[in-house]
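Trainee: Position in the sequence shown (from 1) plus 757 gives the number in the working numbering. Dropping a structure here in structure tokens format, bear with me for questions.
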Amino acid sequence: MLAAGHRWTKSRWLRLFARIAGAALDVFEREPLPEDSPLWSVENLLITPHTAGLTEKLWHRHYELLSDNLRRYVAQEPLRDVVDKQKGY
């Protein structure tokens, strides 16, 4: 798995895709991905929009997490879904 922070050239990505069984990408240097990008023709590449996680429940879930974490913060309890900066997520 490669994080979105990696800065690879298109040619480097294309060489990688020639060597692996498959991949999925949703973040690109230029969004939306231009129609003339060579990535569209890579057969073993799944391309999804950067907003692929958007569902009708998204805002409700965000509100629940924020509300619960605010309650936990006030009560001096451990927060949910804290980013682990050492692991990078």
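Even glycine gets a Cβ: it sits at the ideal position worked out from N, Cα and C.
Thinking C-alpha only, which one of Arg776, Phe785 and Trp770 is nearest Thr808?
Mentor: Phe785
Trainee: Cα separation between His817 and Arg829?
Mentor: 18 Å
Trainee: Per DSSP, Leu802 forms a beta bridge with which residues?
Mentor: Ala780
Trainee: Is the Cβ-Cβ distance between Ala781 and Thr766 less than 9 Å?
Mentor: no
Trainee: DSSP three-state label for Asp825, please.
Mentor: helix
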